[in-house]
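The structure appears below as structure tokens.
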Amino acid sequence: MKWEYILKDYLTYLKLERGLSVNSISSYELDLIKLINFLKVKSISASPLTIDQETLQLFLYEIAKELNSRSRARIISGLKSFFNYLIFEDYRKDNPTDLIEAPKIGRKLPETISVEEIDELIAAIDLTKTEGERNRAIIETLYGCGLRVSELTNLRISDLYFEEGFIKVTGKGDKQRFVPISDYNIKYITIYKDQVRAHQEIKPEASDTLFLNRRGAQLTRAMIFTIIRQLAEKANIRKKISPHTFRHSFATHLLENGADLRAIQQMLGHESITTTEIYMHMDRTYLREVLETYHPKKT
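Going by full-length UniProt numbering, the residue at position 191 of the sequence shown is 191; the numbering climbs one at a time, nothing skipped.
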């Protein structure tokens, strides 16, 4: 059985059975294509049904030359999933990755930025330019609602329930959730929507999309990264800031100000509370303050 045939089957399974997002499916596909290309370059005639542990180890040794431990661990995890799928579909009886260990990696916590630094980023926006109000609304929404970048770019006008104080967000696996939005955040989205977007020529396919580029089309993930990077440079902030930095800061600041972890979990759209806990990189001083404030026998 050819790799291309089984790969197509597998990607369909990830989409329909596991409900993974387009980005996750793309990552699985690219990692398997790396393996397929390796076999071609090395002239190794191994099919998905016959490839063995030794061949996979050779592949992993090869990619170790150019990838860090975190990327290698992700690829190994993807390979394990792929061969488990083959077993599930009765293509194979064994998983050749069973004895392959992923490199040990620590949990790398994303950088956070302070409220003051967020204010500095916003202050760096040139509101005299057409895109100024849009960029302010983008920053306020990333931080104010803790959205993933894909959730932000896919946000629609019909998802805005401002009277109720919520927005409807489509997250990983096309799962939807309602996220509360502050009046402060609503104000800047409304300014952009009514004073800038309303006067744009909009492409038909983007008629309901909230955040648009200059050509009236949906903004890309890459453009959001670029906007944030340029603002950070202009504000002279040395930290490595990405859209996810705002999401992490959103969760961290809520927790530090006494928000319930379960509520944060719901707002972030995490299925497991364990995932939410990874975001909560509280220092020991803060934990001490929590104990002294809330424990019944604090004195």
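Using N, Cα and C, we set each Cβ at its ideal position, and we do this for glycine too. All of these numbers come straight from a predicted model, not from anything done at the bench.
The beta-carbon separation of Thr-209 and Gln-195, rounded to 17 Å, does not stay under the 8 Å limit for a contact. The C-alpha of Leu-20 lies about 44 Å from the C-alpha of Pro-296. When secondary structure is reduced to three states using DSSP, Ile-167 falls in the strand class. Under the rule that a run must span 3 or more residues, no beta strand (DSSP E) segment is found entirely inside the UniProt domain "Core-binding (CB)" (1-87). Looking at the backbone, the Cα of Ala-198 and that of Arg-229 are separated by about 27 Å. Around the C-beta of Pro-48, 16 or more other C-beta atoms lie within 10 Å, and the residue is accordingly described as buried. Within the region 124-165, complete alpha helix (DSSP H) segments of at least 4 residues are found at 132-145 and 149-153, given in chain order. Nearest neighbour of Thr-245 by Cα position, chosen from Lys-2, Ser-182 and Ile-118, turns out to be Ile-118. Judged by DSSP in its simplified three-state form, Val-196 adopts coil rather than helix or strand.
With a threshold of 16 other beta carbon atoms within 10 Å, Asp-31 meets it and is buried.
Taking the CA atoms as reference points, Leu-7 sits about 8 Å from Glu-29. Ranked by Cα distance from Val-41, the options Ser-26, Ser-69, Lys-15 and Phe-59 are led by Phe-59. Residue nearest to Ile-181 within the set Phe-88, Asp-90 and Gly-146 is Gly-146 (criterion: CA-CA distance).
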